[in-house]
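Some notes on the structure that comes next.
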Amino acid sequence: MLFPSKRSIWAVGAILWVLGLAAPRPTEAFTTVAARHGMVVSGEPIASRVGVEILKAGGNAVDAAVAVGFALAVTHPFAGNLGGGGFMLIRLANGRSTFIDYREEAPGAATPTMYLDAHGNIVPGLSTVGALSVGVPGTVAGFALAEKDYGRLGLKAVMQPAIRLAEQGFPVSYWLSRSLKLHAALLSKFSETRRIYLRNGNFYRPGEIFRQPELARTLKMIADRGPQAFYRGPIARQIVATMRKYHGIITLKDLAAYRAIVRKPLRGNFRGYNILTAPSPSSGGVALVEMLNILAPLHLGPPNSYESIHLIAEAMRRAYADRAAYLGDTDFVSVPIAGLISPAYAAKLRQEILHSPPDAPIHAGNPLPFEHPNTTHISVVDSAGNAVSNTFTLNNGYGSGVTVLKAGFLLNDEMDDFTSKPGAPNMYGLIQSQANAIAPRKRPLSCMTPTIVTRSGKLRLVLGSPGGSTIMNTVLQVLLNVLVYKMDIREAVTAPRFHDQWMPDKLYLERWGFSADTVSRLKAAGYKIAFRGPMGECEAIEVDPKTGWKFGAADPRSNGRAVGY
Ligand code: DON
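Take the sequence shown: its position 372, counted from the start at 1, is 450 in the working numbering, and no numbers get skipped.
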């Protein structure tokens, strides 16, 4: 046509824009990405590029993080979401920090025994698949709150890239195509999910365009009317209709009652560095600070040597044993957090580690005497030095498998993070106590550990990871790799990882990451070694305090990407 209509010009522009985002940039090679102004690291390349676009358009780190979060809900349905929840840790360039808890919440009708049969046994799958496993989603409330209080561009503007990606579609990567196929069993269980993500069995191949018109409509409604559209309006009604169809229990009242909560970040110190991390209802921050406190004065030996693995694994075991015994949502139960993160308590545990054989059985310690009466990851740094560390989730990949009817997004299965039955392992093998029992409006204990490190008031590191129960151990090891072993950020994120969560009594090593000599010594010392595939997916940024240059590293364990400008 000679004179194309405005509409078709717009459509062509939008297609070019999407294809542009899909094309790799030379600055994204598998090396440390260095940037003078801003840096975005996320679990999916298109979403990382969206973040940099927002920064270049004058957005700050919060604008970029929220834009990336919504983009991930489109391009990374494995974990990016509207139907899940998470934590956003923000540190402004002026040194102020805050933590937005948008964790899912148990519905009003939830009970402590809702996943047990008449004999008191766990019904397999009930807390992990289907509508009953869904917690009241927090993502939309969390992002809207972050944007309102700290963003510069406004919700509508930062949601535009996600809307376009959903509407125009984006080319399916090899990794997304593979992931959808690998999870076909879960995704086939619910017809709406099967239609959207598996195209009714005609699986998306790499390079094909994945359009999500229902999701685009949902995103537009949120952009136009704000989070009320999700929690009180048409989307809330669709969530409840979906619940009705699949026998879930979330009501309109549960959705209307949901609030993102502003909390104080948990603070710790490690060899002169200040650690800002996740408070309750995460267990990640408490465990991270407890482990760092135990390890701080120790000479750790060379990285991934027998000596270092032994000392770090012993710190891990103790922190996880304490987690199992004490931790739960502090809005509902009292948790001896001040004791658990006190250096004096850590000193006691350290002595125990130094004076007992590695295979000695351990139990939760007693932090009570140390208690004082005051209590997919996205990393972004903008050119002013504002930083956001955001971890959010549907729990396991693709969550409960349930897609909200006509609304095009998946719902979480975060209810499995509660204690279904004290002493019985959850999907990550974690044993938990009554402190984390299910109760209406309570938030399930999490391991998500978005973290920011500063020194002498200057931003140094922004990092976090998925990985269920392995999360805080991943964050710990990347921190130690930088702060103790002086690796650069890419080396720190790439280095082989190990994981001990007390129960099951195993020391997990990433396959191929450790020398046969080290493994033999660990076995001889009594560790029950188990090999695993890649653990965690840390997306990290390091800032040079002298020059302000930002160095980004996406974890090579999956398809994340660091993009700077
Ligand atoms: O909040 C938690 O601890 C879990 N729901 C996180 C799940 C997770 O990291 C899955 N990723 N691999």
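Ideal Cβ positions, reconstructed from N, Cα and C, are used throughout, including at glycine. Quick caveat: nothing in here was measured; it's all calculated off a predicted structure.
Membership of F629 in the beta strand (DSSP E) is indicated by the continuous run 628-631.
Setting aside the 5 residues that flank it on each side, M117 is surrounded in the same chain by V459, I619, K628, G630, G642, each with a C-beta closer than 6 Å to its C-beta; the list follows chain order. As far as DSSP is concerned, R256 takes part in no beta bridge. The continuous alpha helix (DSSP H) containing E225 extends over residues 217-228.
Taking 4 residues as the minimum length, the alpha helix (DSSP H) runs contained wholly in the region 536-595 are 549-561, 567-572, in order along the chain. When secondary structure is reduced to three states using DSSP, A465 falls in the strand class. Judged by DSSP secondary structure, Y309 falls within the alpha helix (DSSP H) whose first and last residues are 306-309. Here the region 302-313 does not lie against the region 172-189, with fewer than 3 beta-carbon pairs under 8 Å apart. In the three-state DSSP reduction, H261 falls in the coil class, being neither helix nor strand. Looking at the DSSP output, D179 sits in a beta bridge with F165, I339. Annotation for M526 indicates a beta carbon within 7 Å of some heavy atom of the ligand DON. Rounded to the nearest angstrom, the gap between the Cα atoms of I200 and G208 is 15 Å. Between the region 403-411 and the region 558-575 there are fewer than three C-beta pairs closer than 8 Å, too few to call the two in contact. A heavy atom of the ligand DON is found nearer than 7 Å to the CB of T471. In this structure, the alpha-carbon of P359 lies about 11 Å from that of I415. Per DSSP, A244 is not a residue of any beta strand (DSSP E); the alpha helix (DSSP H) it occupies stretches across 233-246.
About 17 Å separates the CB atoms of P421 and E392; that is not less than 8 Å, and the two are not in contact. In the DSSP assignment, T355 is bridged to L344. Fully enclosed alpha helix (DSSP H) runs of no fewer than 4 residues occupy 415-418, 421-432 of the region 396-450, in order along the chain.
Between G121 and H154 the beta-carbon gap is near 6 Å, inside 8 Å, which marks them as a contact.
Within the chosen limit of 7 Å, the ligand DON does not reach the beta carbon of D633 with any heavy atom. DSSP places L99 within a helical segment (H, G or I) once states are collapsed to three. For V621, the uninterrupted beta strand (DSSP E) segment begins and ends at 618-621. When the beta-carbon positions are compared, T217 and G163 come within less than 8 Å of each other.
Straight-line measurement puts the Cα of I274 at about 46 Å from the Cα of Y563. Non-local C-beta neighbours of V556 in its own chain, meaning closer than 7 Å and more than five positions away in sequence, comprise L541, A570, V571, C616, A618, ordered along the chain.
By a beta-carbon distance limit of 8 Å, F268 contacts G479. Their separation comes to about 6 Å. For I456, the enclosing beta strand (DSSP E) begins and ends at 455-459. P249 has I287 as its beta-bridge partners, per DSSP. Nearest neighbour of A294 by Cα position, chosen from E183, K484, L508, turns out to be K484. The ligand DON approaches I549 closely enough that one of its heavy atoms is under 7 Å from the residue's Cβ.
Around the Cβ of D400, a 10 Å sphere holds 16 or more other Cβ atoms; the residue is buried. Considered as a whole, the region 490-538 harbours 529-533 as its complete beta strand (DSSP E) runs of no fewer than 3 residues, in chain order. Taking every protein chain shown into account, the CB of Q579 has 16 or more other CB atoms within 10 angstroms, so this residue is buried.
Annotation: the continuous alpha helix (DSSP H) that includes A143 extends over 139-153.
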